[in-house]
Each structure stands twice: as structure tokens, then as C-alpha cells.
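Its first residue numbered 0, the sequence shown is counted upward by one per residue in numbering that gives the first Met the number 0.
In what follows, a single structure is set out as C-alpha cells and then discussed.
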Amino acid sequence: MSVVSSVLVPYASYLRVYEPLAAFGEPERGHWTRYARRGDLPTAQDELRGSLAGLVPTPPVAVPVHESGDAFVAVVDGAICVCPWRTRMRGWLAMSELGGLFPATVLDAVLPPVVRGQATADYERWAERNPDARPWIRTTVWHVPVRWFVLFDDEERECVTDGSAEGRLLRYRTPMVQARRRLARALRTLRETVDEGPLTEGLVEVGRWLEEFHPRAMVELDYGGLVHALSAEKLAGDRSAADVAEGIAALRSGDNDAAGVAYGRLAERWRAVRDLQSSN
């Protein structure tokens, strides 16, 4: 367990979409309707513990054998919305990114090549039968992508720093229509003011993903485990969405210097967080 704990630290952030029950066909709609009425809904920590538990056996279980029937639930304007975990599908998608996160020797120790190979083969067979499947949750480790912040406004920020470290929280929530509108406006500004680059390409890709969901859905950015990598003071002072919005507004008005200052604040903040990764 020491190897798992040291490598798969839950310093991850999440971009989630919560869809209204009307977005689901039967029998899935019935399942989520009954599920949302339960009084003991699992938490993000429950999902994380379940994901890590599969790595303890020998050989480890890289991807769950069965798809999760759990979801996060929220009430949006009086309507129940759900964000299915789809842990199995997300596990397969995460497998393709592991090579860029860990040295080969560490990766082989945690997930032997034969285990990864079997998981890849399983995913390829599943993908042939489910070509339109997409996750409701996106995950990154040790940072929050700039393109995610574009979807939100600083006034939608919810931050809790008091109490124990386990009680910390930093998240944004916004209606899907607002997320799409902000993304489209930012993309237009970038294309008019700067050369095509990773941010523009990332926004296009996120936009395509958002188009897959119900227009009355809710989008959530959750700092997740990253709140444990930040002091309460730094968490309270993190206004990353505001910095991104300020930078884009400056580009729109032709003030490249102001855009550079806003981006500099953002880059310095997240450079300090990513430096923690190499120190562990």
C-alpha cells in the first residue's frame, strides 16, 4: 500500500456535468430517480477510496470489472440533476495518460504491463459497442487547466477554508448555457488576438464535450484533492477564474500588457502547486 499511497496521491481536480433527469432515457432515468431519493448518497471521498482499493490486490485491478451505478446528485433550480461516476469508463481513459505521469519503472510496479494490456484490450472491445459514450467527469492532477476556468465567473466561486483540512473546499458551479457562452466568447477573442495554440485547441475540445450534454445541465469545477496541497491562506486568495477572465477581457480591449499581468499571476500560482509534485 505504501507504493500506491506515494504514487496515486489524490491531488486531482475535476470538471463535472450534472444533467437533469429528463436528459436520460429509460430505464436509466428511473434508476437515477430512485437513486437520488436515497438518504445515504456516497461522497467524492467514497469514490476515491473505491478507485484506490482496486490497486491493493495482487495483481491489481486497473479498471473495475463492472460499471458504477453511483452518481453525484445536486438540485438545480428545483430540479434533480445527476453526474454519473462512470468509474469504469474513466478508468480506461485514465490508463492512456499514465505514461506521461510516472516513470516506466514506477508505473510497472503499480500496474504491470500485462494488467495494462488486458485493460486496453477490454476497452477497445467496449468502445466498439459504445462509440458515443462520453464521461460526465474530467480529471487532471496537480493543477486545474486554464481552459476550465474560462467557463466560470469569480462570483460563482465557493470557498471554505475554516475547520479541518478535510473540510476545505473550492469549487465553481454555473449553468451550462453560461459555460457555453463564456467559452464561445473567449474562443472568439483568442482567435482574433493571438495565434492558434494549446489554449485555443483546448477550448475547442472542451466546447465539443459540453455540446454532448443537456442545455439545462450544470457545470462544476471542483479543486478536489488540490485543496490539501494549499494552505488555507493560499486557498482563500486563489482567484484563478477572475485572473483568466481579466486576461481575456484585456486581450479583447487590446491591452496586451494587462493580459500579461493577469496571466503572470495565474502562472505563478499554479507553478508553485506543480512544484510540489516534483518534491514528493
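Built from N, CA and C at the ideal position, the CB exists for glycine as well.
Because the structure is a prediction, the values reported are computed rather than measured.
Secondary structure note for A93: its alpha helix (DSSP H) is the uninterrupted segment 86 to 94. For V159 and V140, the gap between their C-alpha atoms comes out near 21 angstroms. For V74, no alpha helix (DSSP H) encloses it; the enclosing beta strand (DSSP E) starts and ends at 70 to 75. Residues of the same chain with a CB within less than 7 angstroms of the CB of F23, apart from the 5 flanking positions on each side, are W31 in chain order. Approximately 6 angstroms separates the beta-carbon atoms of V218 and M175; this is inside 8 angstroms, confirming the contact.
If the five residues before and after R181 are omitted, its C-beta is found closer than 7 angstroms to the C-beta atoms of V149, L150, all from its own chain and listed in chain order.
Between S230 and H142, the alpha-carbon positions lie close to 15 angstroms from each other. Contact annotation: the segment 115 to 132 touches the segment 79 to 95, with at least three C-beta pairs closer than 8 angstroms. In the three-state reduction of the DSSP assignment, R273 falls in the helix class, which pools H, G and I. Counted as a single uninterrupted DSSP element, the stretch harbouring T160 is not any alpha helix (DSSP H), since DSSP gives it neither H nor E. When the alpha-carbon of C82 is set against those of V75, A70, A93, the nearest one is in A70.
Residue environment: T42 is assigned as exposed (fewer than 16 neighbouring CB atoms within 10 Å of its CB, all protein chains considered).
Burial check for S239: the Cβ neighbour count within 10 Å reaches 16 or more, so the residue is buried. Per DSSP, reduced to three states, the secondary structure at R170 is strand. Counting only runs of 4+ residues, the alpha helix (DSSP H) found wholly inside the segment 218 to 247 occupies 231 to 236, in chain order.
Residue range 175 to 192 is occupied by the alpha helix (DSSP H) that includes R180.
Judged by DSSP secondary structure, L209 falls within the alpha helix (DSSP H) whose first and last residues are 197 to 209. Less than 7 angstroms divides the Cβ of S12 from the Cβ of Y222.
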